[in-house]
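What follows is a single structure, written as structure tokens, with notes after it.
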Amino acid sequence: MKKAKLASILMLSAAWVFGAATVTYVAAPEAAYAAKTDSKKVIKNKKIGAPLKAAQELMAKNDYAGALPKIKEAEAVAEKTPYEAYVINQFLSISYLKTGDYRSAAKAFEAILKSPEMPAEDLGQNLMVLTQLSYQLKDYSKATEYGNRYLTTVGPREDIQLMVGNAYYLQKNYKQASNILRNAIQTSEKAGKTPPKEWYDVLMSSEYELGNSEGVKNVLIEKIKNYPSAGDWSKVLDFTERRPAMSDRLSLDVYRLRLLTGGSLGSADYMEMAQLAMQVALPGEAKAILDKGYAAGILGKNAEKERQDRLMKMAKTQADADLKSLSQQEKSAMKLKTGDAEIKIGEAYGSYGQYDKAIEVIQRGIAKGGLKAPEEATLRLGIAQMFAGKKQEALNTLRSIKGDSNVAEIARLYAIYARQR
């Protein structure tokens, strides 16, 4: 936690303590009045009451350093009632906080916490302050102790949850840090809230330290749902790209997502992506990819210019011929008993920006059946619906692909992206 933020919270805590710590000192002439009230809640010992009264006046003038000797004078009195000790520690806690002596402030708050005089309703506030102080003092064991007590007795609070998770992490208890933050994220989501970005970061670091690369990937995926960034998308796609048995067509999907999410592609990436598109009979997409590379000033220069220009010429020639023949290809596919050809033709229509037509042809292919890769056909439909602006239909289609296959993984990522479009 940033020191400035912690200091602000501690100042608020100090204000709360000062409001509670008002001296009720009963001198001898007022003994009759004291007898009518709760005698346990007043300070009758002049050796305690007088210096505390003086300290209170100094504190009202923001002279906390000057107040401390007076409070310690009261503290030095040998015989004190539990209430007198409680009030002294309240005064000490505020003065130590205001003078920046956090270690002494923590001791005073611990004494308050143990006091039988502490009102039950003050438990949460004191646990919160002790968690913050312990964390600031790098006493991470106590930070987790008080933080967990707060979360158990009071309930979820974002800054406390993060401090407890961080404290476990800094003690190298990565498993417990992971558990705390994963539970915090789940609790927040169930309450309809967006978990803070920092929770994902600490959870991801914990999974990394545990050597759980799958855990790191899963946290990244959860993070980009709420906090998408080109950098995190790139990391997720790096994981996806390394999955075994990734086909050329699905590798092309990974590249597509890189472009869509603002990923940085080099000349080799543009060339490989275009070649993949050519290999799966999508010359129109290959040309569009190369056009982007040239427009970005990445292609068409240096030693690779000749090879890049040659691929561009090939893609353009094949795309022109493909576009002219698509209608005839569709008619031929309609005569076939299975829908595989229509899935491919529908994807080709999409590569030329004809998304409504793509949806129509792909849906017809799915309805015909007999598909070699039905999940992938569903993926193609969902992507076409997304680009056609049919957001909810796209989400429903993409989310219908279950399991842990490569297709299901890519469908999940497209669903995340589609939701954010």
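Note that this note's numbering has the sequence shown beginning at 145, numbered continuously upward. In this text, a Cβ means the ideal position worked out from N, Cα and C, and glycines have one as well.
Report the rounded CA-to-CA distance for residue i versus residue j, giving the unit in angstroms.
| i | j | result |
| --- | --- | --- |
| Gln462 | Lys431 | 9 Å |
| Gly441 | Lys481 | 46 Å |
| Tyr496 | Leu325 | 45 Å |
| Leu295 | Glu491 | 52 Å |
| Val551 | Pro388 | 12 Å |
| Leu426 | Asp466 | 9 Å |
| Asn310 | Ser237 | 25 Å |
| Trp252 | Glu302 | Sequence inspection shows Ala at residue 252; the Trp mentioned does not correspond to that position. Distance between the alpha carbons of Ala252 and Glu302 is about 25 Å. |
| Met348 | Tyr312 | 14 Å |
| Gly494 | Ser471 | 13 Å |
| Arg543 | Asn370 | 18 Å |
| Gln473 | Thr338 | 48 Å |
| Leu455 | Asn362 | 37 Å |
| Met155 | Ile329 | Its pLDDT being 41, under 50, Met155 is placed unreliably in this model, and the coordinates cannot settle the point. |
| Ala555 | Gln564 | 14 Å |
| Tyr246 | Arg293 | 20 Å |
Look at the Cβ atom of residue i, then the Cβ atom of residue j, and state whether they are nearer than 7 Å.
| i | j | result |
| --- | --- | --- |
| Leu396 | Leu420 | yes |
| Asp484 | Lys516 | yes |
| Tyr290 | Leu271 | yes |
| Pro372 | Thr331 | no |
| Pro260 | Pro213 | no |
| Tyr240 | Ala229 | no |
| Ile489 | Val505 | yes |
| Phe531 | Tyr561 | no |
| Met307 | Tyr279 | yes |
| Asn233 | Ala218 | no |
| Leu404 | Ala418 | no |
| Ser408 | Leu443 | no |
| Ser365 | Trp377 | Reading the sequence as shown, one finds Ile at residue 365 and not Ser. No, the pair does not count as a contact, with Cβ atoms beyond the cut-off. |
| Ile215 | Ala204 | no |
| Tyr318 | Leu354 | yes |
| Thr384 | Glu520 | no |
| Val221 | Lys191 | yes |
| Glu242 | Tyr284 | This sequence places Lys at residue 242; Glu is not what is there. Against a cut-off of 7 Å, the Cβ pair of Tyr284 and Lys242 comes out as no contact. |
| Ile545 | Thr522 | yes |
Checking the sheet assignment: what are the DSSP bridge partners for residue i?
| i | result |
| --- | --- |
| Leu215 | Note that residue 215 corresponds to Ile in the displayed sequence, not to Leu. Beta-bridge pairing links Ile215 to no other residue. |
With 16 other CB atoms within 10 Å as the buried threshold, where does residue i fall?
| i | result |
| --- | --- |
| Gly509 | buried |
| Glu265 | exposed |
| Asp464 | exposed |
| Gly193 | buried |
| Thr275 | buried |
| Gly428 | buried |
Please go through the region 237-286 and give each complete alpha helix (DSSP H) segment of 4 or more residues, from N-terminal end onward.
246-258, 267-280
Residue ranges of each alpha helix (DSSP H) run of no fewer than 4 residues wholly in the region 298-350, ordered along the chain?
302-314, 318-334
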